[in-house]
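Chemist: Per the working numbering, residue 391 is the first one in the sequence shown, and the count goes up by one each step.
Heads up, the beta-carbon is just placed ideally off N, CA and C, and yes, glycines get one too.
Note that the structure is a prediction, hence the values are computed from the model and not measured.
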Amino acid sequence: MENDELNPVKVFMREVPSDSLPADMHQEMAVSLVWEDRAQVALQVNLAPDVIALLVHDAEATVRHMLYNLHRDIPSALLEAVLDQHPEDAPKIAFQINAPLTALRLKPFNFASPNDIDRYLTGTGAETDRARAFRSTPKTSDNGSLTLDALMQTISR
């Protein structure tokens with residue numbers, strides 16, 4: 391067995407974003423030509439709705455994804471507009487509290503809350519028997535990674 395001290399593991403450190411930016415800089419940096427500046431704004435905890443609206447439409451996917459990951463309560467109407475522009479973001483948007491049905495369909499079953507499941511069943515217009523069977527499906531290692539749509543396909547009509 392080799393000595394770990396002779397073969398150290400390389401660790402790559404990323405610069406941690408500075409503490410919170412002053413609120414008056416959010417708007418200015420949200421329209422910066424440098425995507426890293428916009429990403430730094432996306433990582434701020436308390437963003438005004440107009441700044442969030444700018445960043446969800448960002449051309450850089452990394453900025454949008456950072457925003458989705460930190461700010462889970464983006465309004466549904468805004469998320470629907472984003473999905474029109476960036477349909478590839480649907481799997482990331484699926485984890486939003488207000489995820490539109492288009493994205494919610496792609497949420498893994500293990501991560502779906504009872505509220506998500508109710509919204510999904512209502513949105514898809516599931517028949518009463520299928521909805522009951524869907525709600526009573528236990529989360530297991532076999533079905534946990536299935537999307538809500540994929541799981542619905544496993545429930546007999």
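#1: Relative to the C-alpha of S410, which residue among S422, Q430, A420 is closest?
#2: Name the residue from A489, K497, Q417, N533 whose alpha carbon lies nearest to the alpha carbon of D440.
#3: For L444, is the classification buried or exposed, using 16 other Cβ atoms within 10 angstroms of its Cβ as the cut-off for buried?
#4: What is the DSSP secondary structure of P412, reduced to helix, strand or coil?
#5: For F402, which of helix, strand or coil comes out of DSSP?
#6: Taking its Cβ as the centre, do 16 or more other Cβ atoms sit within 10 Å of A467, making it buried, or is it exposed?
#7: For P498, name the three-state secondary structure that DSSP assigns.
#8: Would you mind listing the alpha helix (DSSP H) stretches within the stretch 432-490 that are 4+ residues and don't spill past its ends, in chain order?
#9: Where does the unbroken alpha helix (DSSP H) through I507 begin, and where does it stop?
#10: Nearest CA to the CA of F485: which residue from D474, A420, Y510?
#11: Pick out whichever of G515, N533, V472 has its Cα sitting closest to the Cα of F499.
#12: If the criterion is Cβ atoms closer than 7 Å, does the pair D448 and R462 meet it?
Modeler: For this structure:
#1: Comparing C-alpha distances from S410 to each of S422, Q430, A420 shows the shortest one belongs to Q430.
#2: Q417
#3: buried
#4: coil
#5: Because the pLDDT at F402 is just 49, under 50, the model does not fix this residue reliably, and the value given afterwards should be weighed accordingly. In the displayed model, F402 falls within coil according to three-state DSSP, outside both helix and strand.
#6: exposed
#7: strand
#8: 439-445, 451-460, 466-475, 480-483
#9: 504-514
#10: For F485, the closest alpha carbon among the candidates D474, A420, Y510 is that of Y510.
#11: N533
#12: No, they are not a contact pair.
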